[in-house]
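So in our numbering the end of the sequence shown lands on 974, straight run, no missing numbers. Take a look at the structure set out below.
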Amino acid sequence: MNASNIFTSHANLADTPTDEISTEIKETLTLLKQFYDVAIVKFIDFREVYSEQLITCNDKESVENELLSYQQRCTQEKLYLFEDTFFDDVSNNTHKLIRFYAQYPIYSVTNKLIGVVLMADLAPKTLIGSQKDQFISFAQLLQTQLNKNSDSVSNQSTNPEKKNYGEKYIHVFSLAPVAFLIALVLCSFTALLLYTIEKKELQSNYNEQTQQLRKTLFNALERFDNQGLYISQKDLVIAGFLQSQNSHTKEQLNNLVQSQVSQSLTYKGYVVFDSEYNQLALWSKNNFDLAAYGFTNWLEKFNKRANKQAVEVFTVADTAFLISEIKIKQGSIYTLTAFDLSKFLKAVIGKLNTENYNVFIATPQFTLGKQGEVNPSIIKNSISALSSRFPPTWRLHVQPMNKIVRPQITKYSLIRLGLISFCVFVFVYYFLRLPRRLHNEIKQKNQLILNREALFSSSLDALPHGFAIFNSHEFPVITNNAFNLLFAQVNKQNSQLSYSQLISIAQQHNIINHYHEHHKLDDDRNQLIDIGFTDGKWITVLQRHTDFNGFVCYFRDDTEAHQKECLLADVLEKSKQTNQLKEKFVTRLSRQLKTPLSSLKSLVEISKDPISFNEFKNNVGNISDACDQLESVIQQLVNINKSEIGKLKLQAKNVNLNQMINNNMSILAKEAENKRIVLKNNITPELTVASDEKLISQLVIQLVTEVLDSSNNTTLSINAQIKNESKRNYLYLDFSLSNLIDSSNFITELKSISGDDITRFIDDKDVSLELKFFISIFKMLGGKAITVSSNANKSTISLSMLVNIATKQGKGKDNEQEVPSSSLTNNDLVKASLVTNKHQNTLLLVDDDPLVEIVIRAMLKNENIKIDYARSAIEAMLMVSQNSYDIILMDIVMPELSGTDAMLKIKKHSDNLKTKIIAHTSTPDTDSKYVNQGFDEMLLKPVKQGVLINQITRILKDKSL
Numbered sequence: 014m015n016a017s018n019i020f021t022s023h024a025n026l027a028d029t030p031t032d033e034i035s036t037e038i039k040e041t042l043t044l045l046k047q048f049y050d051v052a053i054v055k056f057i058d059f060r061e062v063y064s065e066q067l068i069t070c071n072d073k074e075s076v077e078n079e080l081l082s083y084q085q086r087c088t089q090e091k092l093y094l095f096e097d098t099f100f101d102d103v104s105n106n107t108h109k110l111i112r113f114y115a116q117y118p119i120y121s122v123t124n125k126l127i128g129v130v131l132m133a134d135l136a137p138k139t140l141i142g143s144q145k146d147q148f149i150s151f152a153q154l155l156q157t158q159l160n161k162n163s164d165s166v167s168n169q170s171t172n173p174e175k176k177n178y179g180e181k182y183i184h185v186f187s188l189a190p191v192a193f194l195i196a197l198v199l200c201s202f203t204a205l206l207l208y209t210i211e212k213k214e215l216q217s218n219y220n221e222q223t224q225q226l227r228k229t230l231f232n233a234l235e236r237f238d239n240q241g242l243y244i245s246q247k248d249l250v251i252a253g254f255l256q257s258q259n260s261h262t263k264e265q266l267n268n269l270v271q272s273q274v275s276q277s278l279t280y281k282g283y284v285v286f287d288s289e290y291n292q293l294a295l296w297s298k299n300n301f302d303l304a305a306y307g308f309t310n311w312l313e314k315f316n317k318r319a320n321k322q323a324v325e326v327f328t329v330a331d332t333a334f335l336i337s338e339i340k341i342k343q344g345s346i347y348t349l350t351a352f353d354l355s356k357f358l359k360a361v362i363g364k365l366n367t368e369n370y371n372v373f374i375a376t377p378q379f380t381l382g383k384q385g386e387v388n389p390s391i392i393k394n395s396i397s398a399l400s401s402r403f404p405p406t407w408r409l410h411v412q413p414m415n416k417i418v419r420p421q422i423t424k425y426s427l428i429r430l431g432l433i434s435f436c437v438f439v440f441v442y443y444f445l446r447l448p449r450r451l452h453n454e455i456k457q458k459n460q461l462i463l464n465r466e467a468l469f470s471s472s473l474d475a476l477p478h479g480f481a482i483f484n485s486h487e488f489p490v491i492t493n494n495a496f497n498l499l500f501a502q503v504n505k506q507n508s509q510l511s512y513s514q515l516i517s518i519a520q521q522h523n524i525i526n527h528y529h530e531h532h533k534l535d536d537d538r539n540q541l542i543d544i545g546f547t548d549g550k551w552i553t554v555l556q557r558h559t560d561f562n563g564f565v566c567y568f569r570d571d572t573e574a575h576q577k578e579c580l581l582a583d584v585l586e587k588s589k590q591t592n593q594l595k596e597k598f599v600t601r602l603s604r605q606l607k608t609p610l611s612s613l614k615s616l617v618e619i620s621k622d623p624i625s626f627n628e629f630k631n632n633v634g635n636i637s638d639a640c641d642q643l644e645s646v647i648q649q650l651v652n653i654n655k656s657e658i659g660k661l662k663l664q665a666k667n668v669n670l671n672q673m674i675n676n677n678m679s680i681l682a683k684e685a686e687n688k689r690i691v692l693k694n695n696i697t698p699e700l701t702v703a704s705d706e707k708l709i710s711q712l713v714i715q716l717v718t719e720v721l722d723s724s725n726n727t728t729l730s731i732n733a734q735i736k737n738e739s740k741r742n743y744l745y746l747d748f749s750l751s752n753l754i755d756s757s758n759f760i761t762e763l764k765s766i767s768g769d770d771i772t773r774f775i776d777d778k779d780v781s782l783e784l785k786f787f788i789s790i791f792k793m794l795g796g797k798a799i800t801v802s803s804n805a806n807k808s809t810i811s812l813s814m815l816v817n818i819a820t821k822q823g824k825g826k827d828n829e830q831e832v833p834s835s836s837l838t839n840n841d842l843v844k845a846s847l848v849t850n851k852h853q854n855t856l857l858l859v860d861d862d863p864l865v866e867i868v869i870r871a872m873l874k875n876e877n878i879k880i881d882y883a884r885s886a887i888e889a890m891l892m893v894s895q896n897s898y899d900i901i902l903m904d905i906v907m908p909e910l911s912g913t914d915a916m917l918k919i920k921k922h923s924d925n926l927k928t929k930i931i932a933h934t935s936t937p938d939t940d941s942k943y944v945n946q947g948f949d950e951m952l953l954k955p956v957k958q959g960v961l962i963n964q965i966t967r968i969l970k971d972k973s974l
C-alpha cells in the first residue's frame, strides 16, 4: 500500500464526525513524535476544538510555560526553528529545559490561520536536509485532516452568487490587461502632473529672479540719483547765501565757494554765474586752469535743454563739467562744477554695490564697474535705466552674477520624470495584480493541500532506504518506493499483506534466508531485526512501536557492511585455524626432537666412564646419526621460514634413499611405538638418486607423521622405485598401510588433490597451512603427482618426483660426486622444479593497524601476489633493503616515521627503480598532493576490493611493458 493511497478526498469526507478527526489528529501527532523521536508534540487549535498534545517528561508545568514563551516569540506565519548548538542556549534563550523547538502554521480552506503545530525536545537536536520538508508535510497532513468537513468549501462551490461585489471589482481590476491600462493611465497622468508642476516652478523662479533684478536696478538708480542731489547741495548753500545777503563782496563769495568744494578730492573747480552769464565767483585747483575753458557756449546750450529740471554735463578728456540752475528771488544763478569723472564715478559705484549683482555706469567716454573701467562687451544679460539727475547719455546697468535663464525642461529633468513615472507604473501594476497573485498563491497552497499524499509520498520516496508504517493489525499504512522494491516479488500476488505475512511468504519462497530479531528490554520500544535476502542483500530493520499500537519500520541497506563483517570473520577464523595448525606443527616437531636428544643424553652419560676405542668409535657413529636426525628436524623449521618468505632453494646431491629412510624412521620410532605401528623400509640399499636430501627427508617425515596420526595398530611399508618417462627419471615413493582413518585434515585434503597435476596447484588455494608447505616442498623437488588409492583394507599414498640416478666415485662419503646416468643434469632438475612455479608478484604492505593486513590479504588471496607485512616504516625500509618488491602499499600516518618520509628514503636508497609506491590513506587527495610528493599512485581508505585489484593489475601491466 503506497503513501498515495492512504488518504481520501474532501467530497467523500464532508460528513466526517468530530471524534474521527480528533483520532486522526492524535495518530498524526503520535507518528510525528515517533518519526522525529522528540518528547513534545502539540497542535494548538485557535478555535479550541481539536487541540491535542503529547508530552513525555517529568516537569510538565515548567515545559508548558516554556512552550508558551516560545509561542509568544513566534509572531509571524512561517516556519520557526530554534536549535541548540551545544555551546549556547537556544537562540540565546534563558530557558533551561527545552533545547529544540519547531513550529509551523495551519490554515483553513479559506486560507485563514486556525492553529499551529509544534514539536520540542529536552535534548539538543537539529533538522538537516529534507527533515524540514518532512515536518512541513506533517503539518499539511494535519491541515488536510482539519479541513475535511469544512462547510466553507461547499458554501463557496454551491453559492457563488453570495460573493461580494467589491471582490468582483477587485477580481476585474487584478486582470493583467486592465491592471496594465490603469497603471499606464496613472503613469501618464503622474508624468503630466509632474511636468506641469516643474514647469510652473521654473517659471515662478524665473519671474522671481527677474522681479528681484528690477528691484535691485530701482534701488541702485535711487542711490545714483541721491549722489546727484549730494552734488547739488553746495549749489543750494551758495543760493541761500546770495538770497540772504543784500550785498556781498566777490571775496566773500569766493571764500564760501572754496569752503564748500575744496575738501572734495574729485572736484577740480567751481564757478558761479548770474543770469547774464557774468562770473560771480571762481575756485579751481592749482594744477587746473578752469578759466581757460569757454563757458558761454555751454551755458547757452544748457538754457536750451529740453528738461529744465535736469543738469547738463559736458566732458573734456577726463574732466566733466556739470552745469545746474538755481532759482532765487533775484533771478537765476548758474553753477559749473568741474570734477574728475573717473574718480567721481568710482566713488558712486562703491556706494551702489549690491549682493549677488554687479552694477555698471556707462557714459560715452567709458564704462565703470566696481573693479574699475571695464569693457562694455562684458555687460550682458543686464537691465539699465536713465537717471533723472544726470545726462541721458549716462546709463546705470545691473547684472546678476548668475545668469537668469528662461524656464526650460532639461534632459535630466525628463529622465527623472520618466523614472518616477515608471516607478508609479510598476507600483500601481504590482498592487493591482496583488489580489490575483495572492489568489494564485492561495490556490497553489490549496492545491498542495489537496495533493498532500503526493508531497508526503515524494518526501518518503526521497529516503535512500525502505520506510513503512504499520497499523495495530500490522498492515502497511504508509510505504515508500524503496520498501516496495524490496518486497516487490512478494507483493506481486497480493499487495494487502501484513508484516508477519510478508516475512512468512518471503521465507517460504526462499526470498529471505535469514531473519533474526535481537533481544530488547521490556520498556524499550525499539526493536532491531536482521534480514538476509538470497540475492545477497542484508537489511537492518529498526522497528519502533507507537502509542496507537502500530509500529514504524526503517529498512536500512547494510549489505556492504555485512559483507565486510563476514569477510573479516572469515579471515579471523582462518587466522585462528592457521595458528592452531602452526601450534600443532611445532608440537610434532618437539616430539620428533625428543628422540635424537634422548640419544645424545645417553651418549653423554656413557662418555663419563672410561671406554675402549671400539666403543668410542661406535659412540661417534651414534652421535653422528643423532646429529643427522636433529639436523633433519631443525631443517623443517628452517624450510618453513624460507618457504614463507620465498627463499627456499634446491640443493641437489647424491642421496641414498635406504639410509635416509632409516634415519627418518629412527626419528619417528618413538611416536610409532606409541601408536603400535611398525615402520618397515623396503628400499634397496644401493638405490641412490641426485636430489635434495634434506627436502626429501622433510617431505617423508611430514607425510609419515600425518599418517601416524590417522592410523593405529598397523604396519607402514615404504617402497621406492625409479621409472623413466619421456626421457626423464621419476622417483616413486609408496607409503602402504592398512586401517587408514580420515581423521586428519591433511589426509582429507591430500585425497581431494589426488591425481591432480601438482604443477598447476595454486598457492593461494583455500587449503591448510600444512598441505601448502608440503606441496611447496614437493614442487621444489620436481613433484609430478600425488596419488591416494585404497584397495580392500589397504591404502597407498604414492609420490612421484623428478630425480637423477647418480653413481658414486671415490671412497669417502663426503667426497661423493654426481655422475649423471642420462642426459638430464642437475641444472635440468633445478629448472624443472622452477618451471612448476608460476612467477609470483610481490607486494609489501606497510600499516600499523594489523586489521588492514587481514583485509588486504583477504582481498588479494586469488591474485597470485605474495604479500609481506611491515608494522612500521622502519621495518619496511629494512625489508626493502633485503628483498625486491613490485609494489609497496604505504600508510601515511604511522608512529616514529611517516609514510611520506619512508617513501622518500626508499626511493633515495633503493636500487630497484621499478618498485611502485602507493599512498594508502583516509585523507582525500583532491589536489594530487601525494603524487606531487613522490608517490606513484594513491588509494583512499577504506578501499574496495574491485578498486584495489584493478589498480594493482594496471600497475603490474604497465611495469611489464
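All C-beta atoms, glycine included, are put in the ideal place defined by N, C-alpha and C.
Along the chain, where does the beta strand (DSSP E) containing L47 start, and where does it finish?
The residue you call residue 47 lines up with position 34 of the sequence shown. The sequence given here has Gln at residue 47, not Leu. Taken as a continuous stretch (DSSP letters only), Q47 belongs to no beta strand (DSSP E), being part of the alpha helix (DSSP H) at 31-49.
Three or more beta-carbon pairs under 8 Å between the region 308-319 and the region 246-255, yes or no?
Flag = no, the region 308-319 and the region 246-255 do not touch.
For V868 and T718, I'd like the C-alpha separation in whole angstroms.
Stepping through the sequence shown from its first residue, residue 868 is reached at position 855. Stepping through the sequence shown from its first residue, residue 718 is reached at position 705. If you take the alpha carbons of V868 and T718, they lie about 34 Å apart.
Closer than 6 Å by C-beta to G479: which residues in its own chain qualify, once you throw out the five before and the five after it? Chain order, please.
Translated into the one-based positions of the sequence shown, residue 479 becomes position 466. These residues qualify, in order along the chain: A495, F496, L499, F568.
Can the beta-carbon of V76 be found less than 9 Å from the beta-carbon of I111?
The residue you call residue 76 lines up with position 63 of the sequence shown. The residue you call residue 111 lines up with position 98 of the sequence shown. Yes, the Cβ-Cβ distance between V76 and I111 is below 9 Å.
Report yes or no: do three or more beta-carbon pairs, one from the region 545-562 and one from the region 518-535, lie closer than 8 Å?
Taking 8 Å as the limit for Cβ pairs, the verdict is that the region 518-535 does touch the region 545-562.
Buried or exposed, going by whether 16 or more other CB atoms sit within 10 Å of the CB of P190?
Taking the sequence shown and counting its residues from 1, one reaches residue 190 at position 177. So P190 ends up on the exposed side.
Counting only runs that start and end within the region 492-565, where is the alpha helix (DSSP H) found for 4 or more residues in a row?
Whole alpha helix (DSSP H) segments, 4+ residues: 494-499, 501-504, 512-521.
Quick check on this structure: which residue in T761, L432, D914 has the alpha carbon closest to the alpha carbon of A889?
For this step, residue 889 is matched to residue 876 along the sequence shown. The shortest C-alpha separation from A889 is found at D914.
Have a look at E174 and L140 and give me their C-alpha separation to the nearest angstrom.
Numbered from 1 along the sequence shown, position 161 holds the residue referred to as residue 174. Numbered from 1 along the sequence shown, position 127 holds the residue referred to as residue 140. Low per-residue confidence applies at E174: pLDDT is 48, beneath 50, and the placement is therefore not dependable, though the value from the model is reported in the following sentence. Using only the alpha carbons, I get a separation of about 47 Å.
Quick one: residues in its chain with C-beta nearer than 8 Å to the C-beta of L585, no 5 flanking neighbours on either side, listed in chain order?
The sequence position of residue 585 within the sequence shown is 572, counting from 1. Answer for L585: I867, listed in chain order.
Any heavy atom of the ligand MN inside 8 Å of the beta-carbon of G795?
The ligand MN is absent from the structure shown, which contains no ligands of any kind.
Which one of A805, S781, N742 has the shortest CA to CA distance from G795?
Indexing the sequence shown from 1 puts residue 795 at position 782. G795 has its Cα closest to that of N742, out of A805, S781, N742.
Could you name the residues of the same chain whose beta carbon sits closer than 6 Å to that of F315, not counting the 5 residues immediately before and after it, in chain order?
Counting from one through the sequence shown, the residue named residue 315 turns up at place 302. Once the five neighbours on either side are set aside, the close Cβ partners of F315 are E325, I336.
Should D860 be labelled buried (16 or more other beta-carbon atoms within 10 Å of its own) or exposed?
If you number the sequence shown from 1, residue 860 lands on position 847. D860 is buried by the Cβ-count criterion.
By Cβ distance below 8 Å, which residues in the same chain neighbour S472 in space, the five residues on each side in sequence not counted?
Taking the first residue of the sequence shown as 1, we reach residue 472 at position 459. Around S472: S143, D146, Q147, S150.
Just checking my contact of N695 with T727 at CB under 8 Å: how many whole Å lie between their CB atoms?
As a first step, residue 695 must be located in the sequence shown, where it is residue number 682. As a first step, residue 727 must be located in the sequence shown, where it is residue number 714. At roughly 15 Å, the Cβ-Cβ gap does not stay under 8 Å, so N695 and T727 are not in contact.
Could you spell out the range, first to last residue, of the beta strand (DSSP E) harbouring L891?
Position 878 of the sequence shown, counted from the start, is the residue given in the question as residue 891. Segment 886-895 is the alpha helix (DSSP H) holding L891; no beta strand (DSSP E) there.
Measuring straight from C-alpha to C-alpha, what distance separates N239 and G344?
Position 226 of the sequence shown, counting from 1, holds the residue named residue 239. Position 331 of the sequence shown, counting from 1, holds the residue named residue 344. Spanning the two alpha carbons is a distance of roughly 26 Å.
Quick one: any contact between the region 215-224 and the region 409-426, if contact means 3 or more CB pairs under 8 Å?
As far as the Cβ criterion goes, the region 215-224 touches the region 409-426, which means the pair count is three or higher.
Return the first residue and the last residue of the alpha helix (DSSP H) that V76 is part of.
The residue you call residue 76 lines up with position 63 of the sequence shown. Unbroken alpha helix (DSSP H) run through V76: 73-86.
Where DSSP assigns a beta bridge to Q13, which residues make up the other side?
Absent from the structure is residue 13, since the part of the chain shown begins at 14 and ends at 974.
What residue range is occupied by the uninterrupted beta strand (DSSP E) comprising I111?
Translated into positions along the sequence shown, residue 111 becomes position 98. Where I111 is concerned, there is no enclosing beta strand (DSSP E), given that its DSSP letter is neither H nor E.
From I68 to Q514, what distance separates their C-alpha atoms?
Against the sequence shown, residue 68 aligns to sequence position 55. Against the sequence shown, residue 514 aligns to sequence position 501. Straight-line Cα distance between these residues: approximately 34 Å.
Do you know offhand how far N394's Cα is from E386's?
The residue given as residue 394 occupies position 381 in the sequence shown. The residue given as residue 386 occupies position 373 in the sequence shown. Straight-line Cα distance between these residues: approximately 19 Å.
With DSSP run on the structure shown, which of helix, strand or coil describes S941?
Mapped onto the sequence shown, residue 941 falls at position 928. Of the three classes helix, strand and coil, the one that applies to S941 here is coil, per DSSP.
Pairing CB atoms from the region 369-384 with CB atoms from the region 261-278, are three or more of them under 8 Å?
No, they do not touch.
Y280 lies in the alpha helix (DSSP H); which residues open and close that run?
Numbered from its first residue, the sequence shown carries residue 280 at position 267. Per DSSP, Y280 belongs to no alpha helix (DSSP H); it is in the beta strand (DSSP E), 280-286.
Alpha carbon to alpha carbon, how far is N677 from A798?
The residue labelled residue 677 in the question sits at position 664 within the sequence shown. The residue labelled residue 798 in the question sits at position 785 within the sequence shown. Cα to Cα, N677 sits roughly 22 Å from A798.
Going by C-alpha to C-alpha distance, which of V554, G563, E454, F444 sits closest to P489?
Here residue 489 is taken as the residue at index 476 of the sequence shown, counted from 1. Selected option, being the one with the closest Cα: G563.
Have a look at K73 and A133 and give me their C-alpha separation to the nearest angstrom.
Indexing the sequence shown from 1 puts residue 73 at position 60. Indexing the sequence shown from 1 puts residue 133 at position 120. For K73 and A133, the distance between alpha carbons rounds to 13 Å.
Measure from the alpha carbon of D560 to the alpha carbon of each residue in D32, T31, T36, then state which is nearest.
Residue 560 sits at position 547 when you count from the first residue of the sequence shown. Checked all of D32, T31, T36; the closest Cα to D560 is T36.
Return the Cβ separation of S704 and M673 in integer angstroms, given the expectation that the two are a contact with Cβ distance under 8 Å.
As a working mapping, residue 704 is identified with position 691 in the sequence shown. As a working mapping, residue 673 is identified with position 660 in the sequence shown. Not a contact, Cβ separation roughly 10 Å.
Thinking C-beta only, is S911 closer than 9 Å to A886?
As a working mapping, residue 886 is identified with position 873 in the sequence shown. As a working mapping, residue 911 is identified with position 898 in the sequence shown. Yes; because the gap between Cβ atoms is below 9 Å, this pair is in contact.
Using the three-state DSSP reduction, which class does S950 fall into: helix, strand or coil?
Along the sequence shown, one-based indexing puts residue 950 at 937. Here residue 950 turns out to be Glu, not Ser, going by the sequence shown. Residue state, collapsed to three classes: strand.
What residues match up with M814 in a beta bridge as DSSP calls it?
As a working mapping, residue 814 is identified with position 801 in the sequence shown. Partner(s): L744, G796.
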